[in-house]
Amino acid sequence: MSKKFYITTAIDYVNAKPHIGHAFEKVIADALARYHKQKGEKVFFLTGVDENAQKNVQAAEIAGVGVKDFINKNTGYFVELVEKLNINHNKFIRTSAKEHALVVHEILNKIIKKGDIYKSKYEGYYCSGCEGYKTEKDLVEGKCLEHNKKPELMSEEAYFFKLGKYREKLIRFVKTYVIPESKRNEILGRLKDDLNDLCISRSNAKWGIDFPKDKKYKVYVWVDALINYISGAKDKWPADIHVIGKGINWFHSVIWPAILISAGCKLPKILLVHGYLNLKGRKISKSVGNVIDPLELIKKYGTDAVRYSLLRCSVFDDSDYSEEILIERYNNELANKLGNLVSRTSGLIEKNGIQKCDNTLIKKLNEKKIEKLFESFELDKALNEIFAFIDVCNEYIQNKKPWETKDKKVLYELKESILKISELLWPFIPESSEKIKNIFSATKIKKAEPLFVKTK
Ligand SMILES: [Zn+2]
């Protein structure tokens with residue numbers, strides 16, 4: 020039986036159309052999912068949207084549209100993004116689905132039975148952007164860093180989850196769970212202090228999932244949202260990897276495992292916390308308002324150009340990203356390096372043919388190193404390594420001059436090496452990789468049409 024591999028992205032708010040940061044997270048998860056698929060594992064890949072968040076409701080009110088219509092329309096854009104990005108997911112979850120609410124109740128009922136939920140009065144600063152209460156420590160000059168605005172003071176009678184009692188267990192768990200180390204240490208640093216219990220109900224919300232046995236309240240949307248990883252996967256749980264952005268590290272590193280421990284569920288294995296994309300030094304986000312529409316980029320440059328330019332960014336560190344950067348990577352790397360190698364080699368083979376021999380060229384490829392970089396999630400470095408080998412292949416043509424020598428053995432080496440390259444590139448640019456494979460697997464190899472047409 021093949022090994023199971025269950026990977027998730029975060030579920031996105033649908034208060035607006037998707038931005039490039041959403042695309043970034045999805046292609047990271049997709050590259051990992053495809054890599055594990057290539058290894059012969061039984062992959063389950065879950066992505067989707069958070070439709071129960073209060074900020075969806077606020078956005079609908081501002082737009083003057085009914086909440087349901089508003090959500091359906093924006094969810095449509097996320098579905099379209101996933102399709103156009105060629106994301107190989109197995110399920111797209113919408114948290115407004117009835118099946119999801121049933122699982123949320125199932126898990127909350129287990130926590131209630133365990134005695135981990137109690138009723139009390141709550142007063143605190145609430146950031147509607149985060150959909151969460153903030154402590155003084157979370158704020159800089161009284162503002163939420165993530166949303167650059169002042170949270171509102173709220174007071175209510177509410178249900179609490181005994182989060183504090185799990186502090187010791189969480190410290191132990193986080194040590195093996197959170198990647199990279201800097202993000203793990205951030206959480207461990209915060210867990211040194213007392214851990215407050217968590218308010219998990221909302222009395223002022225009209226939208227969302229009813230609290231079990233008390234319809235005056237809705238379930239706190241973060242608790243509801245996190246449970247999508249179980250409701251969307253059923254028997255595939257636990258997740259091997261949750262891929263998330265650094266802004267929601269605390270929810271996934273602390274609140275989520277505590278809920279699971281309390282409910283007696285298995286724990287996920289790895290939390291992969293990726294960095295943000297910056298546009299001229301500022302985080303790209305809906306709240307900041309400097310959004311790049313990934314659907315527009317795909318329409319202009321194609322799926323693989325967008326995937327490639329995103330996956331060339333560091334997974335962990337914040338990276339600069341812009342249309343100019345996409346174009347530069349597309350022209351210099353995909354068109355000049357990979358595209359040229361494919362078109363020159365296929366043309367030379369059409370004219371001269373190939374002859375099987377010992378492949379000395381492919382020995383210059385360090386596949387083990389690429390595998391290691393995948394295992395440590397350094398996808399950008401894995402791409403560097405693959406492109407270094409593409410450089411080696413281009414130099415090999417230059418040096419061996421098969422257009423003069425008509426050396427069929429050199430062309431055989433190049434063909435085999437390009438087939439290997441196409442396999443290695445499949446997690447990153449699947450469509451182009453499949454095209455290259457088809458070109459060089461044909462019984463009569465013909466000069467290929469340009470794969471990447473240079474752009475301005
Ligand atoms: Zn906030």
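First residue of the sequence shown: 20, per my numbering; consecutive thereafter.
All C-beta atoms, glycine included, are put in the ideal place defined by N, C-alpha and C.
| Residues in its own chain within less than 6 Å of D513 by CB, not counting five upstream and five downstream? | Past the edges of the chain, shown from 20 to 475, lies residue 513, and the structure says nothing about it.
| field | Rounded distance between the beta-carbons of E442 and I381, thought under 8 Å | value | Rounded, the Cβ-Cβ distance is 12 Å, inconsistent with contact.
| request: State yes or no: is the C-beta of L470 within less than 8 Å of the C-beta of V361? | output: yes
| query | Going by C-alpha distance, which of E150, P199 and G372 is nearest K168? | reply | E150
| Can you find a heavy atom of ligand 1 that lies under 7 Å from the Cβ of H166? | yes
| message | Let me check one thing: in DSSP terms, what residues is V292 bridge-paired to? | response | I263
| field | Between the CA atoms of K375 and V123 - distance to the nearest angstrom | value | 60 Å
| Is the closest heavy atom of ligand 1 to the C-beta of C332 under 7 Å? | no
| field | Three-way DSSP call (helix, strand, coil) for D213 in this model | value | coil
| What do you get for V240, buried or exposed, if any count of 16 or more other CB atoms within 10 angstroms of its CB means buried? | buried
| Where are the beta strand (DSSP E) runs, 3 residues long or more, that stay fully inside the segment 142-166, in chain order? | 151-153
| Is it buried or exposed for T154, if we count other Cβ within 10 angstroms and need 16 for buried? | Exposed is the call here.
| task | Determine the extent of the alpha helix (DSSP H) in which D88 is found, giving its start and end residues. | result | V86 to K103
| By Cβ distance below 8 Å, which residues in the same chain neighbour S365 in space, the five residues on each side in sequence not counted? | I458, F459, I464, K465, K466 and A467
| message | In whole angstroms, give me the CA-to-CA distance for A244 and Q73. | response | 12 Å
| field | Residue from L127, Y144, G67 and V101 with nearest C-alpha to G116 | value | The sequence shown places Ala at residue 116, not Gly. Considering only alpha carbons, the answer is G67.
| Residue burial classification, Y327 (beta-carbon count within 10 angstroms, cutoff 16) | Counting the other Cβ atoms within 10 Å of the Cβ of Y327 gives 16 or more, which makes it buried.
| said: Suppose you measure from the CA of I440 to the CA of I317; what does that come to, to the nearest Å? | reply: 24 Å
| request: Determine which residues share a DSSP beta bridge with G67 and list them. | output: I112
| task | Mind the definition here: the segment 42-54 touches the segment 21-31 only if three or more C-beta pairs lie below 8 Å; say whether that holds. | result | yes
| said: Between the alpha carbons of L402 and T379, how many angstroms are there, rounded? | reply: 22 Å
| task | Label K188 either buried or exposed according to how many other C-beta atoms from any shown protein chain fall within 10 Å of its C-beta, with 16 as the threshold for buried. | result | exposed
| query | CB of G148 to nearest heavy atom of ligand 1: below 7 Å? | reply | yes
| said: Quick check: F97 and D31, are their CB atoms within less than 8 Å of each other? | reply: yes
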